[in-house]
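Numbering (our numbering), first residue to last: 42 to 318.
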(Lines of atoms letter the chains of each structure in order from A; the text may use other names.)
(Lines give C-alpha, C1' and ligand atoms only; values in the text may rest on other atoms or scores of the structure.)
Protein backbone atom coordinates (compact mmCIF):
# COMPACT_ATOMS: atom_id res chain seq x y z
CA UNK A 42 0.00 0.00 0.00
CA UNK A 43 0.94 3.65 -0.35
CA UNK A 44 1.26 4.10 3.43
CA UNK A 45 3.67 1.17 3.76
CA UNK A 46 5.81 2.55 0.93
CA UNK A 47 5.69 6.07 2.41
CA UNK A 48 6.93 4.79 5.79
CA UNK A 49 9.73 2.80 4.12
CA UNK A 50 10.83 5.89 2.17
CA UNK A 51 10.81 8.08 5.30
CA UNK A 52 12.99 5.56 7.13
CA UNK A 53 15.40 5.41 4.17
CA UNK A 54 15.59 9.22 4.25
CA UNK A 55 16.74 9.04 7.87
CA UNK A 56 13.55 9.70 9.85
CA UNK A 57 13.75 7.75 13.11
CA UNK A 58 10.36 8.44 14.68
CA UNK A 59 7.20 7.86 12.66
CA UNK A 60 3.57 7.99 13.74
CA UNK A 61 2.47 5.13 11.50
CA UNK A 62 -1.23 4.91 12.31
CA UNK A 63 -4.12 5.63 14.63
CA UNK A 64 -6.47 3.11 16.19
CA UNK A 65 -9.42 5.48 16.08
CA UNK A 66 -13.00 4.75 15.04
CA UNK A 67 -13.05 3.92 11.30
CA UNK A 68 -16.52 5.46 11.22
CA UNK A 69 -15.19 8.86 12.35
CA UNK A 70 -11.75 8.77 10.71
CA UNK A 71 -11.99 6.37 7.73
CA UNK A 72 -8.49 7.32 6.51
CA UNK A 73 -7.03 5.46 9.50
CA UNK A 74 -9.11 2.28 9.10
CA UNK A 75 -6.13 0.37 7.65
CA UNK A 76 -3.74 1.11 10.54
CA UNK A 77 -3.49 -2.53 11.65
CA UNK A 78 -2.73 -3.72 8.10
CA UNK A 79 -0.07 -1.02 7.73
CA UNK A 80 1.58 -1.89 11.06
CA UNK A 81 1.61 -5.59 10.14
CA UNK A 82 3.16 -4.96 6.71
CA UNK A 83 5.91 -2.44 7.40
CA UNK A 84 9.47 -3.69 7.59
CA UNK A 85 10.74 -2.77 11.06
CA UNK A 86 14.15 -1.14 11.05
CA UNK A 87 16.11 -1.32 14.33
CA UNK A 88 16.32 2.01 16.11
CA UNK A 89 13.13 3.37 14.52
CA UNK A 90 10.06 4.22 16.62
CA UNK A 91 6.76 3.22 15.00
CA UNK A 92 4.11 4.97 17.04
CA UNK A 93 0.30 4.79 16.94
CA UNK A 94 -2.45 6.95 18.39
CA UNK A 95 -4.59 5.11 20.98
CA UNK A 96 -7.69 7.04 22.10
CA UNK A 97 -9.16 4.17 24.16
CA UNK A 98 -8.42 0.72 25.61
CA UNK A 99 -9.57 -1.00 22.43
CA UNK A 100 -6.99 1.05 20.55
CA UNK A 101 -4.36 0.11 23.14
CA UNK A 102 -5.11 -3.61 22.69
CA UNK A 103 -4.77 -3.21 18.92
CA UNK A 104 -1.47 -1.35 19.39
CA UNK A 105 -0.06 -4.27 21.39
CA UNK A 106 -1.27 -6.71 18.72
CA UNK A 107 0.28 -4.52 16.02
CA UNK A 108 3.65 -4.46 17.77
CA UNK A 109 3.82 -0.68 18.21
CA UNK A 110 6.85 0.42 20.24
CA UNK A 111 5.18 3.68 21.26
CA UNK A 112 1.60 4.84 21.72
CA UNK A 113 0.08 8.27 22.12
CA UNK A 114 -2.87 9.55 24.13
CA UNK A 115 -4.42 12.94 23.53
CA UNK A 116 -6.25 15.61 25.47
CA UNK A 117 -7.46 19.05 24.44
CA UNK A 118 -6.66 22.36 26.12
CA UNK A 119 -10.28 23.55 25.84
CA UNK A 120 -13.54 21.92 26.92
CA UNK A 121 -15.32 22.69 23.63
CA UNK A 122 -12.68 21.01 21.47
CA UNK A 123 -12.57 18.04 23.85
CA UNK A 124 -16.33 17.58 23.49
CA UNK A 125 -16.24 17.93 19.68
CA UNK A 126 -13.14 15.78 19.17
CA UNK A 127 -13.59 13.03 21.78
CA UNK A 128 -17.17 13.54 22.96
CA UNK A 129 -16.17 14.06 26.59
CA UNK A 130 -14.79 16.66 28.99
CA UNK A 131 -11.05 17.15 29.59
CA UNK A 132 -11.39 15.40 32.98
CA UNK A 133 -13.19 12.44 31.37
CA UNK A 134 -10.58 12.28 28.60
CA UNK A 135 -7.83 12.13 31.21
CA UNK A 136 -9.69 9.41 33.12
CA UNK A 137 -9.85 7.42 29.87
CA UNK A 138 -6.14 7.95 29.27
CA UNK A 139 -4.92 6.68 32.65
CA UNK A 140 -5.67 2.97 32.08
CA UNK A 141 -4.18 3.22 28.56
CA UNK A 142 -0.94 4.59 30.02
CA UNK A 143 -0.90 1.88 32.70
CA UNK A 144 -1.52 -0.88 30.13
CA UNK A 145 1.22 0.46 27.85
CA UNK A 146 3.71 0.54 30.71
CA UNK A 147 2.77 -3.03 31.65
CA UNK A 148 3.71 -4.04 28.09
CA UNK A 149 6.94 -2.02 28.13
CA UNK A 150 5.57 0.45 25.57
CA UNK A 151 6.38 4.11 26.14
CA UNK A 152 3.58 6.68 26.03
CA UNK A 153 3.53 10.13 24.52
CA UNK A 154 0.88 12.70 25.45
CA UNK A 155 -0.65 15.18 23.02
CA UNK A 156 -2.44 18.37 23.99
CA UNK A 157 -4.38 19.98 21.15
CA UNK A 158 -5.48 23.60 20.73
CA UNK A 159 -2.72 24.96 23.01
CA UNK A 160 -2.67 28.40 21.34
CA UNK A 161 -6.16 28.70 19.93
CA UNK A 162 -9.43 26.81 19.63
CA UNK A 163 -11.93 26.88 16.74
CA UNK A 164 -14.77 27.10 19.28
CA UNK A 165 -13.34 29.17 22.15
CA UNK A 166 -10.97 31.56 20.36
CA UNK A 167 -7.33 32.47 20.94
CA UNK A 168 -7.24 33.07 24.70
CA UNK A 169 -6.10 29.63 25.78
CA UNK A 170 -4.46 30.01 29.20
CA UNK A 171 -0.88 28.63 29.24
CA UNK A 172 -1.40 27.74 32.92
CA UNK A 173 -4.29 25.46 31.95
CA UNK A 174 -2.07 23.80 29.34
CA UNK A 175 0.63 23.42 32.02
CA UNK A 176 -1.87 21.75 34.37
CA UNK A 177 -2.86 19.21 31.70
CA UNK A 178 0.79 18.59 30.75
CA UNK A 179 1.66 18.00 34.42
CA UNK A 180 -1.13 15.45 34.78
CA UNK A 181 0.05 13.61 31.66
CA UNK A 182 3.68 13.63 32.81
CA UNK A 183 2.73 12.50 36.33
CA UNK A 184 0.63 9.68 34.85
CA UNK A 185 3.68 8.38 33.00
CA UNK A 186 3.98 10.13 29.64
CA UNK A 187 7.68 10.43 28.78
CA UNK A 188 6.98 13.41 26.50
CA UNK A 189 4.18 15.92 25.98
CA UNK A 190 3.60 17.31 22.50
CA UNK A 191 2.02 20.78 22.47
CA UNK A 192 -0.29 21.05 19.47
CA UNK A 193 -1.22 24.34 17.83
CA UNK A 194 -4.00 22.52 16.00
CA UNK A 195 -5.42 25.51 14.13
CA UNK A 196 -2.11 27.33 13.70
CA UNK A 197 -3.11 30.49 15.57
CA UNK A 198 0.07 30.80 17.60
CA UNK A 199 2.74 33.46 17.12
CA UNK A 200 6.35 33.46 18.38
CA UNK A 201 5.68 35.55 21.52
CA UNK A 202 2.76 33.37 22.48
CA UNK A 203 4.84 30.26 21.78
CA UNK A 204 7.62 31.47 24.06
CA UNK A 205 5.18 32.21 26.91
CA UNK A 206 3.59 28.79 26.50
CA UNK A 207 6.87 26.83 26.44
CA UNK A 208 8.25 28.76 29.41
CA UNK A 209 5.05 28.24 31.44
CA UNK A 210 4.73 24.51 30.70
CA UNK A 211 8.49 23.90 30.81
CA UNK A 212 8.66 25.39 34.29
CA UNK A 213 6.28 22.66 35.46
CA UNK A 214 7.54 19.50 33.73
CA UNK A 215 10.89 20.50 32.23
CA UNK A 216 11.37 21.78 28.70
CA UNK A 217 13.29 18.60 27.81
CA UNK A 218 9.98 16.69 28.05
CA UNK A 219 8.21 18.95 25.55
CA UNK A 220 7.69 18.58 21.82
CA UNK A 221 6.36 21.18 19.38
CA UNK A 222 3.47 20.25 17.06
CA UNK A 223 2.66 23.35 15.04
CA UNK A 224 0.28 23.66 12.11
CA UNK A 225 0.99 26.25 9.45
CA UNK A 226 -2.51 27.62 8.83
CA UNK A 227 -1.43 31.26 9.31
CA UNK A 228 2.13 30.79 8.03
CA UNK A 229 3.57 31.03 11.56
CA UNK A 230 4.75 27.46 12.16
CA UNK A 231 8.47 27.92 11.38
CA UNK A 232 8.67 31.19 13.32
CA UNK A 233 6.95 29.50 16.26
CA UNK A 234 9.31 26.53 16.02
CA UNK A 235 12.30 28.84 16.09
CA UNK A 236 10.93 30.41 19.29
CA UNK A 237 10.41 26.92 20.76
CA UNK A 238 13.98 25.91 19.82
CA UNK A 239 15.32 29.02 21.55
CA UNK A 240 13.41 27.95 24.68
CA UNK A 241 15.16 24.57 24.58
CA UNK A 242 12.60 22.34 22.83
CA UNK A 243 14.46 19.62 20.91
CA UNK A 244 11.61 17.53 19.45
CA UNK A 245 9.52 18.69 16.50
CA UNK A 246 6.46 16.98 15.01
CA UNK A 247 6.24 17.56 11.27
CA UNK A 248 4.57 16.14 8.19
CA UNK A 249 6.20 15.18 4.90
CA UNK A 250 5.03 17.55 2.14
CA UNK A 251 3.02 19.44 4.79
CA UNK A 252 0.14 16.98 4.49
CA UNK A 253 -2.72 16.74 6.95
CA UNK A 254 -5.28 18.83 8.73
CA UNK A 255 -7.90 18.13 11.37
CA UNK A 256 -11.41 16.75 10.74
CA UNK A 257 -12.72 18.73 13.74
CA UNK A 258 -11.16 22.10 12.87
CA UNK A 259 -12.44 23.28 9.52
CA UNK A 260 -9.83 25.19 7.52
CA UNK A 261 -6.88 23.86 9.53
CA UNK A 262 -3.99 23.01 7.25
CA UNK A 263 -1.37 20.33 7.74
CA UNK A 264 1.37 20.12 10.27
CA UNK A 265 4.52 22.09 9.43
CA UNK A 266 6.34 20.50 6.48
CA UNK A 267 9.26 18.24 7.39
CA UNK A 268 11.30 19.63 4.47
CA UNK A 269 10.89 23.22 5.70
CA UNK A 270 11.86 22.26 9.26
CA UNK A 271 14.91 20.38 7.98
CA UNK A 272 16.05 23.33 5.84
CA UNK A 273 15.80 25.65 8.85
CA UNK A 274 17.62 23.25 11.18
CA UNK A 275 20.40 22.67 8.66
CA UNK A 276 20.77 26.43 8.31
CA UNK A 277 21.17 26.67 12.09
CA UNK A 278 23.89 24.03 11.99
CA UNK A 279 21.69 21.48 13.76
CA UNK A 280 22.38 17.96 12.52
CA UNK A 281 19.36 15.67 12.06
CA UNK A 282 20.72 12.73 10.11
CA UNK A 283 17.97 13.20 7.51
CA UNK A 284 18.79 13.26 3.78
CA UNK A 285 17.02 16.26 2.23
CA UNK A 286 17.09 14.92 -1.35
CA UNK A 287 15.54 11.61 -0.28
CA UNK A 288 12.94 13.51 1.74
CA UNK A 289 12.00 15.66 -1.26
CA UNK A 290 11.71 12.49 -3.38
CA UNK A 291 9.34 11.14 -0.73
CA UNK A 292 7.26 14.33 -0.80
CA UNK A 293 6.97 14.03 -4.57
CA UNK A 294 6.05 10.35 -4.29
CA UNK A 295 3.24 10.85 -1.76
CA UNK A 296 1.92 13.95 -3.52
CA UNK A 297 1.56 12.01 -6.78
CA UNK A 298 0.27 8.85 -5.08
CA UNK A 299 -2.65 10.57 -3.34
CA UNK A 300 -3.07 13.47 -5.80
CA UNK A 301 -2.60 16.17 -3.17
CA UNK A 302 -0.30 19.13 -3.89
CA UNK A 303 2.92 19.51 -1.91
CA UNK A 304 2.53 22.13 0.83
CA UNK A 305 6.24 22.73 1.49
CA UNK A 306 8.11 25.73 0.13
CA UNK A 307 11.44 23.93 0.45
CA UNK A 308 10.28 20.79 -1.39
CA UNK A 309 8.74 22.86 -4.19
CA UNK A 310 11.86 25.05 -4.52
CA UNK A 311 14.20 22.04 -4.64
CA UNK A 312 12.00 20.24 -7.18
CA UNK A 313 11.93 23.39 -9.33
CA UNK A 314 15.73 23.61 -9.12
CA UNK A 315 16.00 20.07 -10.40
CA UNK A 316 13.79 20.95 -13.36
CA UNK A 317 15.90 24.03 -14.09
CA UNK A 318 19.12 22.01 -14.33
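Glycine included, every Cβ here is placed at the ideal spot set by N, Cα and C.
Worksheet item: Where does the unbroken alpha helix (DSSP H) through residue 308 begin, and where does it stop?
Response: For residue 308, the enclosing alpha helix (DSSP H) starts and ends at 306 to 317.
query: Whole beta strand (DSSP E) runs in the stretch 206 to 237 with 3 or more residues, listed along the chain?
result: Taking only runs of at least 3 residues, the beta strand (DSSP E) segments lying wholly in the stretch 206 to 237 are 219 to 223.
With the cut-off set at 7 Å, would you say residue 252 and residue 241 are in Cβ contact?
It is not a contact, given that the beta carbons lie outside the stated cut-off.
Quiz item: Who pairs with residue 58 in a beta bridge, going by DSSP?
Solution: 90
Under 6 Å Cβ to Cβ from residue 65, same chain only, skipping five residues before and after it: list those, please.
73, 96
Presumed contact (8 Å Cβ cut-off) between residue 310 and residue 292, rounded CB distance:
Between residue 292 and residue 310 the Cβ distance is about 12 Å, and since that is not below 8 Å, they are no contact.
* Asked: Is it right to say residue 277 is buried, meaning 16 or more other beta carbons lie within 10 angstroms of its own, or is it exposed?
  -> exposed
query: Rounded to the nearest angstrom, how far is the Cβ of residue 112 from that of residue 101, given a contact under 8 Å?
result: 7 Å
Alpha-carbon to alpha-carbon, residue 48 and residue 169: 34 Å
Are residue 189 and residue 174 touching if we call contact CB-CB under 7 Å? no
Contact between the stretch 127 to 141 and the stretch 69 to 87: three or more CB pairs below 8 Å? no
Ignore the nearest five residues each way along the sequence and tell me which others in residue 67's own chain have a CB closer than 8 Å to its CB.
-> So the qualifying residues of the chain are 73, 74.
By how many angstroms is the C-alpha of residue 177 removed from the C-alpha of residue 208? 15 Å
Only counting the same chain, and skipping five residues up and downstream in sequence, which positions put a Cβ closer than 6 Å to that of residue 43? 298
query = Would a C-beta distance cut-off of 7 Å place residue 236 and residue 205 closer than the cut-off?
reply = no
### Query
Thinking C-beta only, is residue 222 closer than 7 Å to residue 192?
yes
Exposure label - residue 163; buried when at least 16 CB within 10 Å
buried
**Asked** Within 10 angstroms of its Cβ, does residue 187 collect 16 or more other Cβ (buried), or is it exposed?
**Response** Exposed: under 16 other Cβ atoms inside 10 Å.
_Considering Cα atoms alone, identify which of 124, 119, 147, 61 is closest to residue 93._
61
Around the C-beta of residue 108, are 16 or more other C-beta atoms found within 10 angstroms, so that it is buried, or is it exposed?
-> exposed
Task: Cβ neighbour criterion (16 or more within 10 Å) applied to residue 183 - done: exposed
| Cβ shell of residue 305 (< 7 Å), same chain only, five flanking positions each side left out | 250, 251, 266, 268, 269, 292
Classify residue 112 as helix, strand or coil using the three-state DSSP reduction. strand
For residue 105, tell me which candidate among 55, 137, 166, 77 has the shortest Cα-Cα distance.
77
Fill in: Nearest residue (CA-CA) to residue 229, options 217, 147, 212, 202
202
Exercise. Of the choices 294, 312, 316, whose alpha-carbon is the least far from that of residue 51?
Worked result: 294
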